Amino acid sequence: MVKELDEKIEALADHVGWRLWQASRAWQAEFAAAMRAAGHAWFSEARAGLLGHIPRNGTRQSALIERAATSKQAVQQLLDGLEAEGVLERFPDPRDGRGKLVRYTRKGLDALRDGDRIKLQIERGYIDRIGEQRFAALMDALRSLDAGRADASEEASEPE
1 MVKELDEKIE ALADHVGWRL WQASRAWQAE FAAAMRAAGH AWFSEARAGL
51 LGHIPRNGTR QSALIERAAT SKQAVQQLLD GLEAEGVLER FPDPRDGRGK
101 LVRYTRKGLD ALRDGDRIKL QIERGYIDRI GEQRFAALMD ALRSLDAGRA
151 DASEEASEPE
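Numbered per full-length UniProt numbering, the sequence shown spans residues 1 to 160.
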């Protein structure tokens with residue numbers, strides 16, 4: 001016999017953080033699936049999260065660890081996999097023999113070009129769904145929220 005709960009389960013609050021998280025997750029999943037469909041079988045959301053922090057002209061591995069805001073071990077593991085797939089290469093930093101530089105290979109740069117094309121396709125799909133004006137307003141609102149975050153962090157770091 002199953003006892004029925006006397007209390008009704010409250011629904012989770014519908015708030016902007018939840019909506020932004022859901023939209024972000026949906027975008028990431030759509031992007032990763034499209035990248036794999038474009039012939040980049042090695043592409044995953046986790047790898048995309050790291051690749052997004054690597055400029056096209058490369059970066060220092062230590063800077064990448066800071067930007068990705070994850071553990072050194074996690075970054076190392078992702079880099080190892082991307083290097084094994086031929087997407088990235090690492091080599092000694094000529095300015096600091098202890099450091100490593102990370103840069104894209106031809107295969108990695110080709111994937112970035114496909115990624116740029118796919119991102120525009122996803123945007124066009126959003127415009128088809130919500131219209132050009134609402135999409136432009138969404139982009140403006142997101143830029144304002146991001147600028148507000150940057151302004152707040154600058155204020156927090158100013159000496160009093």
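We put the CB at the ideal spot given by N, CA and C, even for glycine. Note that the coordinates shown come from a computational prediction; the quantities given were computed from them, not determined experimentally.
For residue i, tell me which candidate among the options has the shortest Cα-Cα distance.
i    : options                   : result
A38  : E132, F135, T105 and R113 : R113
A111 : F91, V87 and I65          : V87
K119 : E89, S24 and R98          : S24
R98  : S144, R47 and S62         : S62
Return the chain-ordered list of same chain residues with a C-beta closer than 6 Å to the C-beta of residue i, the five sequence neighbours on each side being excluded.
i    : result
W42  : E85
E160 : Reliability of the predicted coordinates at E160 is poor, the pLDDT of 47 falling under 50, and the value obtained from them is presented with this limitation in mind. Counting only Cβ-Cβ distances below 6 Å, and skipping sequence neighbours, we find nothing.
R36  : F43
From the DSSP output, in three-state form, read off residue i for me.
i    : result
V102 : strand
F31  : helix
D146 : helix
A141 : helix
A11  : coil
S44  : coil
G39  : coil
Between the C-alpha atoms of residue i and residue j, what's the straight-line distance to the nearest angstrom?
i    : j    : result
A34  : L20  : 21 Å
R60  : K100 : 6 Å
L138 : D14  : 18 Å
L78  : D140 : 33 Å
Take residue i and list the residues in its own chain whose beta-carbon comes closer than 8 Å to its own, dropping the five residues that flank it on each side.
i    : result
I122 : W27, E30, F31 and A34
G58  : L101, V102, R103 and Y104
L12  : W18
Keeping to the same chain, check which residues put their C-beta closer than 7 Å to that of residue i; ignore five residues upstream and five downstream.
i    : result
I65  : K72 and V75
G108 : V87 and L88
| query | Could you give the uninterrupted runs of the beta strand (DSSP E) lying entirely in the region 46 to 102, keeping only those of 3 residues or more? | reply | Taking only runs of at least 3 residues, the beta strand (DSSP E) segments lying wholly in the region 46 to 102 are 88 to 93.
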